[in-house]
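Okay, so the sequence shown: first residue is -17 according to our numbering, each after it adds one.
Each residue gets a CB set at the ideal place from its N, CA and C atoms; glycine is no exception.
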Amino acid sequence: MSTSETSRYVRLRVELVLEAEDAERLGAAALDRIDADESLPDDERAQARSAVRADAAEALAYLVEPFDLVKDVPGVELAQASWTSELIDYDPDAVEWDLDEDDESDEVDESEESVQVTAVRANGGVGVGRG
-17 MSTSETSRYV
-7 RLRVELVLEA
3 EDAERLGAAA
13 LDRIDADESL
23 PDDERAQARS
33 AVRADAAEAL
43 AYLVEPFDLV
53 KDVPGVELAQ
63 ASWTSELIDY
73 DPDAVEWDLD
83 EDDESDEVDE
93 SEESVQVTAV
103 RANGGVGVGR
113 G
């Protein structure tokens, strides 16, 4: 692709810190989503259900859909999306949580458990894979 073809693509970075106030409700909602996904093979469904029961971050990853964030934005189409969800130690007063500073690193701390999800829009569909 030439520069003029690729310059129409925009990377939007959003970082959220959410408090899982009710892990049971969060997990139940994720289990409902998994059970309703008719395209999920039975072995993957069992694995997903197990992961969601054990980890609020995993449950959140099953409920967040980047496509939903931009589907009503006029003039754009989601080309690719990836997101991570991880349990963290959070101190809102700590300097590292200052959201005004640019995050210079896209790397996930390997000592933290995290879930990464990638969705690619191709031929009118969004595919999701967890790694």
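* To do: In the DSSP assignment, find the alpha helix (DSSP H) that holds A5 and state where it starts and stops.
  => Counted from its first residue, the sequence shown places residue 5 at position 23. It spans A5 to A18 - the alpha helix (DSSP H) in which A5 sits, taken as one unbroken run.
* **Distance between beta carbons of I16 and R27, contact taken as under 8 Å** => As a working mapping, residue 27 is identified with position 45 in the sequence shown. As a working mapping, residue 16 is identified with position 34 in the sequence shown. Correct: roughly 6 Å between the Cβ atoms.
* Report back the beta-carbon spacing between S64 and A43 to the nearest angstrom; my notes put them in contact at under 8 Å. => Taking the sequence shown and counting its residues from 1, the one referred to as residue 64 is at position 82. Taking the sequence shown and counting its residues from 1, the one referred to as residue 43 is at position 61. Not quite, the Cβ-Cβ distance comes to about 11 Å (not below 8 Å), so this is no contact.
* **Where the alpha helix (DSSP H) through S32 begins and ends** => Along the sequence shown, one-based indexing puts residue 32 at 50. For S32, the uninterrupted alpha helix (DSSP H) segment begins and ends at D24 to A36.
* What first and last residue would you give for the beta strand (DSSP E) that runs through E68? -> In the sequence shown, counting from the first residue as 1, residue 68 sits at position 86. From DSSP, the beta strand (DSSP E) with E68 extends over Q62 to E68.
* **Residues near D19 by beta carbon distance below 8 Å, same chain, minus five either side** => For the purposes of this step, residue 19 is identified with residue 37 of the sequence shown, where counting begins at 1. Excluding residues within five positions, the ones whose Cβ falls inside 8 Å are R27.
* For E1, the nearest candidate out of L69, V77, W79 and A76 (CA to CA) -> Within the sequence shown, numbered from 1, the residue matching residue 1 stands at position 19. Checked all of L69, V77, W79 and A76; the closest Cα to E1 is L69.
* For P56, does the three-state DSSP call read helix, strand or coil? -> Your numbering for residue 56 matches position 74 in the sequence shown. Coil.
* **Close beta carbons around E92, own chain, < 8 Å, minus the five adjacent residues each side** => Position 110 of the sequence shown holds residue 92. Low confidence applies to E92: its pLDDT is 46, below 50, so where it sits in the model is not reliable, and the reading given next is rough at best. Leaving aside the five residues that flank E92 on each side, none in its chain has a CB nearer than 8 Å to its CB.
* Asked: Sorted by chain position, which residues of the same chain lie with C-beta nearer than 6 Å to A38's C-beta, five sequence neighbours on each side aside?
  -> Walking along the sequence shown from the start, residue 38 turns up at place 56. Excluding residues within five positions, the ones whose Cβ falls inside 6 Å are A2, A5 and L8.
* If you count every other CB in all the chains shown that lies within 10 Å of the CB of A41, and 16 or more means buried, which is it? -> In the sequence shown, the residue the question calls residue 41 occupies position 59. When all chains shown are included, A41 counts as buried.
* Give the secondary structure of V77 by DSSP, where H, G and I count as helix, E and B as strand, and everything else as coil. => By one-based count along the sequence shown, residue 77 stands at place 95. Taken through DSSP and simplified to helix, strand or coil, V77 comes out as helix.
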